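There are 2 protein chains.
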Amino acid sequence: MSSTRTTRTTAAAASADVTPLQVGEAYLGLIHRLRRVADDQLSSCGLSMPRIKLLQFLANAGATRQNVIATCFDLAPRSVTDMVDSLERDGLAVRRDDPTDRRAKLVELTPAGHESAASSGALRDQIFERIFGALDAPARATLLDLITILDRATVAVDGLAPCGPSELESSRSTS
Amino acid sequence: MSSTRTTRTTAAAASADVTPLQVGEAYLGLIHRLRRVADDQLSSCGLSMPRIKLLQFLANAGATRQNVIATCFDLAPRSVTDMVDSLERDGLAVRRDDPTDRRAKLVELTPAGHESAASSGALRDQIFERIFGALDAPARATLLDLITILDRATVAVDGLAPCGPSELESSRSTS
DNA sequence: GCATCATTGTGAGGTCCCTCACCTTATGGG
DNA sequence: CCCATAAGGTGAGGGACCTCACAATGATGC
Numbered sequence: 001m002s003s004t005r006t007t008r009t010t011a012a013a014a015s016a017d018v019t020p021l022q023v024g025e026a027y028l029g030l031i032h033r034l035r036r037v038a039d040d041q042l043s044s045c046g047l048s049m050p051r052i053k054l055l056q057f058l059a060n061a062g063a064t065r066q067n068v069i070a071t072c073f074d075l076a077p078r079s080v081t082d083m084v085d086s087l088e089r090d091g092l093a094v095r096r097d098d099p100t101d102r103r104a105k106l107v108e109l110t111p112a113g114h115e116s117a118a119s120s121g122a123l124r125d126q127i128f129e130r131i132f133g134a135l136d137a138p139a140r141a142t143l144l145d146l147i148t149i150l151d152r153a154t155v156a157v158d159g160l161a162p163c164g165p166s167e168l169e170s171s172r173s174t175s
Numbered sequence: 001m002s003s004t005r006t007t008r009t010t011a012a013a014a015s016a017d018v019t020p021l022q023v024g025e026a027y028l029g030l031i032h033r034l035r036r037v038a039d040d041q042l043s044s045c046g047l048s049m050p051r052i053k054l055l056q057f058l059a060n061a062g063a064t065r066q067n068v069i070a071t072c073f074d075l076a077p078r079s080v081t082d083m084v085d086s087l088e089r090d091g092l093a094v095r096r097d098d099p100t101d102r103r104a105k106l107v108e109l110t111p112a113g114h115e116s117a118a119s120s121g122a123l124r125d126q127i128f129e130r131i132f133g134a135l136d137a138p139a140r141a142t143l144l145d146l147i148t149i150l151d152r153a154t155v156a157v158d159g160l161a162p163c164g165p166s167e168l169e170s171s172r173s174t175s
């Protein structure tokens, strides 16, 4: 059950040295395409990945405070405001005052929202399957492994000195 | 200082079945963090990843037409306009008419641009190393492998029917 | 020569994120 | 009790992308 990492398949493995920069670029590049493809598939339904994710979350969390959403999604509170605005505009969710704290607002799906959540959830699964189904199960496990490691690494890097100017002359001419 | 990757105790390796959805979410989630960390590290220098990438490109490609940039970066032409505007505003690049085609414009770095490209390139390398250095060389190779496969998959998916809402059941692909 | 179509870049406007400043409430110390 | 500080949400504004519509130019057909 360990050592999932044995799937060493193609050309990449042959070249001995893959630099961090190369992998990084590749990772970012794939993101780019991923977004494009996903959005493309969703465009006809008037939905988007972030919306679906929020819909999904609200569907099985019930009424939730915006700051909780921000925390769970690792977003700035301001961004949640916009997303909820958008959902509310489309009649998929409503804001309600939190009785226990008059500063806070609870967000909750409308019936239309629940409906949308159900169908869009299926759609999302489908899209992910189309893309990540290209990897077999062991490969997916390996990838998840790798991502998990990187995830921890980013947490570690976060809150570090921003690459002190000791090593490079800070440029940035105009304001 | 690659922290030990000995800990393979993630749920991923243990649970036999990692769904496409799970990996997908993880992949997207990491992107989110990656962007945040990178921007954070760069903010003090007034730069950003897309800017650095373009700077780098122009530094060793010389004068380039905007549509070429769009193609190489897989961006909408409109986005290139904005990026070049931004660089021009900061005095890092200039637009020049292409003598061979009066519709086209050539983008070229100024001396300040070349300077900025040099230092920012080093900075970018540093950041990628901090993050992706958490993976050892074989792991990086594996990751690149996986990404390459997915990359090809997205190309395949692109240009598919946008999964009409009525055909939610008709996904005859894998499951 | 001229009508037609393709290509290059841009204006306008939209999405999804961010930060910063601000108002409103909650909470805790004197 | 009152005031300082913290916490929740939002207005304003910015950055990096997108699409759609359009002017200018190039290439091509007749």
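Which chain is which? The protein sequence lines are L and P, in order.
Residue 1 is where the first sequence starts when you use my numbering, and the numbers rise one by one after that.
Residue 1 is where the second sequence starts when you use my numbering, and the numbers rise one by one after that.
For every residue, glycine included, the Cβ atom is placed at its ideal position computed from N, Cα and C.
All values derive from a computational prediction rather than experimental measurement.
For the stretch 20-33 of chain L, the set of residues with a beta-carbon nearer than 9 Å to any beta-carbon of chain P comprises 20, 21, 22, 23, 24, 25, 26, 27, 28, 29, 30, 31, 32, 33, in chain order. Ranked by Cα distance from residue 77/P, the first of 104/P, 44/P, 114/P, 62/P is 104/P. With fewer than 16 neighbouring CB atoms inside 10 Å of its own CB, residue 79/P falls in the exposed class. Interface annotation, residue 129/P: in contact with chain L, CB-CB separation under 7 Å. A check of alpha carbon separations from residue 17/P across 152/L, 157/L, 156/L, 144/L identifies 144/L as the nearest. In summary, residue 90/P is buried, with 16 or more beta-carbon neighbours lying within 10 Å of its beta-carbon over all protein chains present.
Using a Cβ-Cβ cut-off of 7 Å, residue 55/L does not count as an interface residue toward chain P, since no Cβ of chain P sits closer than that to its own. Interface flag for residue 141/L against chain P is set, since a Cβ pair is found closer than 7 Å.
Secondary structure of residue 64/P (DSSP, three-state): strand. Ranked by how close their Cα comes to the Cα of residue 128/P, the residues 28/P, 38/P, 30/P have 38/P in first place. Taking C-alpha positions only, residue 142/L is separated from residue 70/L by approximately 29 Å. The beta carbon of residue 153/P falls within 7 Å of a beta carbon belonging to chain L, placing the residue at that interface. For residue 82/P, no chain L residue has a C-beta closer than 9 Å to its own C-beta; the minimum C-beta separation is roughly 16 Å. The CB of residue 144/L comes closer than 7 Å to the CB of 12, 18, 22, 23, 26 in chain P, given here in chain order. Look at the stretch 39-95 of chain L and you find these whole runs of alpha helix (DSSP H), each 4 residues long or longer: 49-61, 66-73, 77-89. Listed along chain L are 32, each with a C-beta nearer than 7 Å to that of residue 74/P. Per DSSP, residue 18/P is not a residue of any beta strand (DSSP E), being assigned neither H nor E.
Residue 123/P: member of the alpha helix (DSSP H) spanning 111-132, first to last residue.
Residue 133/P sits close to residue 20/L, with the two beta carbons spaced by under 7 Å. Annotation: the continuous alpha helix (DSSP H) that includes residue 138/P extends over 137-157. Using a Cβ-Cβ cut-off of 7 Å, residue 107/P does not count as an interface residue toward chain L, since no Cβ of chain L sits closer than that to its own. Counting only the Cα atoms, residue 109/L lies some 15 Å from residue 68/L. Straight across, the Cα-Cα distance linking residue 54/P with residue 23/L is about 18 Å.
No Cβ of chain L is located within less than 7 Å of the beta carbon of residue 69/P. Put simply, the backbone Cα of residue 147/L is about 19 Å away from that of residue 72/L. Around the Cβ of residue 130/P, a 10 Å sphere holds 16 or more other Cβ atoms; the residue is buried. Taken atom to atom, the span from the alpha-carbon of residue 28/L to that of residue 28/P is near 10 Å.
In this structure residue 64/L is buried. Its beta-carbon is surrounded by 16 or more other beta-carbon atoms within 10 angstroms. A straight-line Cα-Cα distance of about 45 Å links residue 66/P and residue 94/L.
Between residue 51/L and residue 87/L a beta carbon distance of about 7 Å is seen, short of the 8 Å cut, so the two are scored as contacting. As DSSP reads the structure, residue 107/L sits in a beta bridge with 64/L, 95/L. Here DSSP, grouped into helix, strand and coil, assigns residue 36/L to helix. Contacts with chain L at 7 Å (Cβ-Cβ) do not include residue 52/P.
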